[in-house]
Every structure is written in C-alpha cells, then in structure tokens.
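**Q** Pasting a structure here, questions to come.
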Amino acid sequence: LQMLQWTAAGSGPRFCLYVHHTDAEREWAYDRKSPIGKLDKGLDEAAKRGWTVVSMKEDWKVIYPHPQPAPQKSK
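All letters in the sequence shown, in the order written, are residues 80 to 154 by this note's numbering.
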C-alpha cells in the first residue's frame, strides 16, 4: 500500500495497480478478514483513488509458470 501511495503522490501520469490475492488453489488467498494478511485499507484506498484492482483468480491465466527446460547448446 505504501508503495502505491508514494507512486500516486508523484507528479505526471501514474498507474497504480493493486493485486487482490483471491486464488487459494494456485497461491495464497487473503482478503479483508484473512488470518494471514488484511487488505481492507488497501482495497478501500484503491476504490477511493480509482486505482486498478486485479483479481489473481479472475484476471490471471498463469500465476507460477512451469519451469522451462534450458535451451540446448548447438555443437
């Protein structure tokens, strides 16, 4: 939240994106009343300031990509 507040306070064009951790199957999910992280201040401020809020569950196709094999060196 503090990084977004700092970014928003600057002059000129700014883009503030707030990541809402909503996908318990692929990552940790936490929200306003979560035991591992509370997002109430951030979600409230994002709504008040018009920041973009993305849902990891709804908006992200991939969260942690599968490792790709290293390319083979040609001889």
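Where is the CB? At the ideal position from N, CA and C, for every residue including glycine.
Everything numeric in this text was worked out from a predicted model, so none of it was measured.
Per DSSP, which residues does Tyr97 bridge with? Please list them.
**A** Translated into the one-based positions of the sequence shown, residue 97 becomes position 18. Bridge partners of Tyr97: Val132.
**Q** Find the nearest neighbour of Gly121 within the set Val132, Ile115 and Gly89, judged by alpha-carbon distance.
**A** To locate residue 121, count along the sequence shown from 1; it is residue 42. Out of Val132, Ile115 and Gly89, Val132 has the C-alpha closest to the C-alpha of Gly121.
**Q** Measuring alpha carbon to alpha carbon, tell me which of Asp119, Ser153 and Ser134 ends up nearest Trp107.
**A** Here the question's residue 107 lines up with position 28 in the sequence shown. Among Asp119, Ser153 and Ser134, the Cα nearest to that of Trp107 is on Ser134.
**Q** Might you give, ordered along the chain, the residues of its own chain that have their beta carbon closer than 6 Å to the beta carbon of His99, omitting 5 neighbours on each side?
**A** In the sequence shown, the residue the question calls residue 99 occupies position 20. The residues are Val132 and Ser134.
**Q** So, with DSSP's three-state summary, where would you put Lys127?
**A** Within the sequence shown, the letter at position 48 stands for residue 127. Lys127: helix per DSSP, three-state reduction.
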